[in-house]
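Notes to accompany the following structure.
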Amino acid sequence: MPVVDGSRGRVGVPPGFKVGIQPGFCVPLVVGKFKVAHFQYSNKLLNSIKPDLFPVKVFFVNIPTYCILMLTFVTAGAPQGAVPTLDGRIVGGRNASISDYPYQVSLQFYGYHFCGGSIISSTWVLTAAHCTESIDMNSFTVRAGSSSVVSGGQVLNVLRILIHPQYDRLNIDYDISLVELASPIDNSDAHAISLPSPGSGPIAGATCTISGWGNIEEGGGAPTTLQVVEVPVVSQDDCRLAYGGSSVTDRMFCAGVLGVGGKDSCQGDSGGPAVVGGNLVGIVSWGYGCARPDYPGIYTNVANLRSWIKEQIGI
Numbered sequence: 000m001p002v003v004d005g006s007r008g009r010v011g012v013p014p015g016f017k018v019g020i021q022p023g024f025c026v027p028l029v030v031g032k033f034k035v036a037h038f039q040y041s042n043k044l045l046n047s048i049k050p051d052l053f054p055v056k057v058f059f060v061n062i063p064t065y066c067i068l069m070l071t072f073v074t075a076g077a078p079q080g081a082v083p084t085l086d087g088r089i090v091g092g093r094n095a096s097i098s099d100y101p102y103q104v105s106l107q108f109y110g111y112h113f114c115g116g117s118i119i120s121s122t123w124v125l126t127a128a129h130c131t132e133s134i135d136m137n138s139f140t141v142r143a144g145s146s147s148v149v150s151g152g153q154v155l156n157v158l159r160i161l162i163h164p165q166y167d168r169l170n171i172d173y174d175i176s177l178v179e180l181a182s183p184i185d186n187s188d189a190h191a192i193s194l195p196s197p198g199s200g201p202i203a204g205a206t207c208t209i210s211g212w213g214n215i216e217e218g219g220g221a222p223t224t225l226q227v228v229e230v231p232v233v234s235q236d237d238c239r240l241a242y243g244g245s246s247v248t249d250r251m252f253c254a255g256v257l258g259v260g261g262k263d264s265c266q267g268d269s270g271g272p273a274v275v276g277g278n279l280v281g282i283v284s285w286g287y288g289c290a291r292p293d294y295p296g297i298y299t300n301v302a303n304l305r306s307w308i309k310e311q312i313g314i
């Protein structure tokens with residue numbers, strides 16, 4: 000499910016390709032609660048892309064109620080081995096070693112990174128629903144135990160995917176998914192992270208550690224090495240003030256440097272971990288742009304969905 004800039008639903012585009020909008024089709028200026036301008040599209044616009052069409056250079060995207068767009072993948076003309084245009088890193092972060100963040104994994108589509116995830120047991124990964132809602136498991140793998148998104152570690156096939164039944168693609172609510180691996184993780188640099196107790200969401204002001212292989216900036220490229228950044232948790236009141244009260248539900252929380260910006264998750268980080276005190280408190284979900292001063296990143300609140308995880312897999 001490739002996403003073009005805009006709001007998180009942050010997935011990557013194959014190296015050597017750029018995404019374009021074919022003229023002649025309607026382009027909405029406002030979709031739901033999201034403003035769309037300068038051809039920057041949110042997950043809400045593009046989450047109906049079928050991943051089995053991903054390798055095709057031209058295809059239609061059906062956007063219920065709103066519009067039909069035509070996207071084209073065109074070669075970027077970059078030399079072999081060059082950094083892909085829309086596949087980068089955390090904004091404002093630094094290089095990281097997987098040994099320090101052994102729970103981090105890369106979800107890959109035909110070998111290309113598109114989302115992050117977190118190991119919660121030897122056979123289960125927690126990620127965002129918008130990363131997995133239409134994925135073809137035959138083309139979906141998980142790379143664990145490597146700082147590099149393109150090599151090393153252990154690559155595992157996927158057995159099944161469990162998406163929260165109340166997942167709402169328009170509001171990106173209940174944005175949580177469980178991925179069962181076809182074989183256990185067996186790598187010294189890959190370990191499960193602890194989950195929070197039910198209802199024990201992060202406290203405003205707590206330091207939240209975000210990691211992944213998302214963009215260095217909106218539309219920017221970056222190295223393939225794992226990145227990490229620390230941002231404070233934003234109060235629910237301030238989060239709702241920034242985005243509008245009805246946009247931020249109890250299954251969400253904000254983290255970022257409000258009023259300053261410069262540090263955030265971005266495209267390619269979706270589904271990845273947000274960690275406080277050694278517990279996986281959040282999943283990278285969505286937001287307006289990346290690292291904007293007035294719009295902190297929004298994360299799925301794992302504690303408030305903890306009971307669902309327990310019911311599904313007993314963890």
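Heads up, the sequence shown is in numbering that gives the first Met the number 0, so the first residue is 0 and it goes up one at a time. Even glycine gets a Cβ: it sits at the ideal position worked out from N, Cα and C.
If you reduce the DSSP assignment to three classes, tell me which class residue i lands in.
i           : result
residue 315 : Missing from the structure shown is residue 315; the chain here goes from 0 to 314 and no further.
residue 307 : helix
residue 170 : coil
residue 147 : strand
residue 314 : coil
residue 119 : strand
Nearest by alpha-carbon distance to residue i: which of the options is it?
i           : options            : result
residue 296 : 246, 227, 265, 156 : 265
residue 217 : 102, 287, 167      : 287
residue 267 : 279, 275, 106      : 106
residue 209 : 111, 259, 311, 298 : 298
residue 260 : 231, 186, 275, 245 : 231
residue 252 : 174, 183, 214      : 174
residue 285 : 168, 199, 179      : 168
residue 320 : 195, 144, 160      : Residue 320 falls outside the range modelled here, since the chain spans only 0 to 314, and no answer is possible.
residue 277 : 90, 165, 117       : 117
residue 177 : 215, 141, 235, 188 : 141
residue 126 : 301, 184, 270, 120 : 270
residue 120 : 189, 145, 128      : 189
On the CB-based measure, 16 or more other CB atoms within 10 Å of its CB, does residue i come out buried or exposed?
i           : result
residue 205 : exposed
residue 158 : exposed
residue 309 : exposed
residue 273 : buried
residue 99  : exposed
residue 334 : Here the chain comprises residues numbered 0 to 314, so residue 334 is not present and cannot be evaluated.
residue 3   : At residue 3 the pLDDT is 30, less than 50, meaning the model places this residue with poor confidence; the figure from the coordinates comes in the next sentence. Under this definition residue 3 is a buried residue.
residue 313 : exposed
residue 103 : buried
residue 250 : buried
To which residues does DSSP link residue i through a beta bridge?
i           : result
residue 112 : 107
residue 299 : 251, 282
residue 137 : Residue 137 is not bridged to any residue.
Would you please verify whether the beta carbon of residue i is less than 9 angstroms from any beta carbon of chain D?
i           : result
residue 181 : Annotation note: the requested chain D is absent from the structure, which comprises a single protein chain.
Continuous beta strand (DSSP E) assignments of at least 3 residues falling wholly in the stretch 159-241:
DSSP runs (the beta strand (DSSP E)) wholly in the stretch 159-241: 176-180, 206-211, 226-233.
Counting only runs that start and end within the stretch 240-286, where is the beta strand (DSSP E) found for 3 or more residues in a row?
251-254, 272-275, 278-285
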